[in-house]
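Here the structure comes first, spelled out in structure tokens, and everything after it is commentary.
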Ligand SMILES: [Zn+2]
């Protein structure tokens, strides 16, 4: 038995390394590899590195953000919300609510353009105006930027770096935004998750009923597998 449990631990460590590598490969050079948060480091020591990072994009949404916050609270799970500036401006109290619940609130641009197609000054405005709107509600300036569509090139990376932002993408994408069905969202996440995974979900930008419905099973299954949940960029 001791041999088996030792082997499992080694495999866990290898999987953690693969998970971190996957994120680095997806995100390129200017990436926030999710080993940084202190609570993740603590969880690694205790749980053999089985940390996962839930992220929610395109909110806040008056319909789905409170629903998702309620589910996360029920399971005692914290996540990272990449919010769109114009949605923050439309629903500022929701952004405050997300932050007060202990979640990380980060920058997903002002109006969700492909940043590769914008001038440097337009990218600056997308990021700075969103920072300002989020800071007004949370008291904190986002340290990370998730470019819409994950669309990055050298110019976007250097703009982000000049603005002091780490670029954060993801390593597990169930394409919940395409509404493939609650069961499909669940199985795509649960089949592909590894220690260190950054999971992309959405709380805004359309009908996110399937995402919300998928969440309790995702959370309870990951917990049963021994995962803990970390936040990014906080
Ligand atoms: Zn988005």
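Numbering (the working numbering), first residue to last: -15 to 218.
For each residue, glycine too, the CB sits at the ideal point set by N, CA and C.
Name the two residues that bound the continuous beta strand (DSSP E) containing residue i.
i           : result
residue 71  : Counting along the chain, residue 71 falls outside any beta strand (DSSP E), though it belongs to the alpha helix (DSSP H) covering 69 to 74.
residue 91  : 88 to 91
residue 184 : 182 to 186
Using 7 Å as the cut-off, classify the Cβ of residue i as near or not near the heavy atoms of ligand 1, replying yes or no.
i           : result
residue 230 : The structure shown does not extend to residue 230, since the chain is modelled only from -15 to 218, so the question has no answer here.
residue 96  : yes
residue 44  : no
residue 164 : no
residue 41  : yes
residue 132 : yes
residue 87  : no
residue 92  : yes
For the alpha helix (DSSP H) that contains residue i, what are its first and last residues?
i           : result
residue 195 : 193 to 208
residue 37  : Not the alpha helix (DSSP H): residue 37 falls in the beta strand (DSSP E), residues 35 to 41.
residue 105 : 104 to 122
residue 62  : Counting along the chain, residue 62 falls outside any alpha helix (DSSP H), and DSSP gives it neither H nor E.
residue 147 : Element bounds for residue 147: n/a, residue is neither H nor E.
residue 172 : 166 to 176
Kindly give me the distance between the Cβ atoms of residue i and residue j, rounded to whole angstroms, as I take these residues to be in contact under 8 Å.
i           : j           : result
residue 43  : residue 113 : Incorrect: roughly 17 Å between the Cβ atoms, too far for contact.
residue 117 : residue 73  : 5 Å
residue 199 : residue 52  : 7 Å
What residues in its chain sit with their C-beta under 7 Å from that of residue i, if we drop five residues either side in the sequence?
i           : result
residue 22  : For residue 22, the predicted structure reports a pLDDT of 35, less than 50, and the residue's modelled location is therefore unreliable. A value from the coordinates is still provided. Answer for residue 22: no residue qualifies.
residue 75  : 44 and 46
residue 186 : 40, 41, 42, 160, 161, 192 and 195
residue 202 : 170, 173 and 174
residue 89  : 65, 67, 79, 82, 83, 118, 122 and 126
residue 190 : 161
Within its chain, find whatever has a CB closer than 6 Å to the CB of residue i; leave out the 5 residues flanking it on each side and keep chain order.
i           : result
residue 163 : 194
residue 37  : 18, 182, 214 and 216
residue 174 : 205
residue 34  : 179, 210 and 211
residue 85  : 53
residue 87  : 62, 63 and 65
residue 197 : 166
Kindly list the residues whose CB is nearer than 8 Å to the CB of residue i, restricted to its own chain and excluding five residues on each side of it in sequence; keep chain order.
i           : result
residue 204 : 59
residue 93  : 68, 69, 99, 110, 111, 114, 129, 131 and 132
residue 102 : 110
Query - Segment contact flag, the stretch 101 to 108 with the stretch 157 to 169, C-beta cutoff 8 Å, min 3 pairs - result: no
Query raised in the report: Would you say the stretch 140 to 150 touches the stretch 51 to 69, given that touching needs at least three Cβ pairs under 8 Å?
Result: no
Query raised in the report: When the Cβ atoms of the stretch 210 to 218 are set against those of the stretch 72 to 80, are three or more pairs found closer than 8 Å?
Result: no
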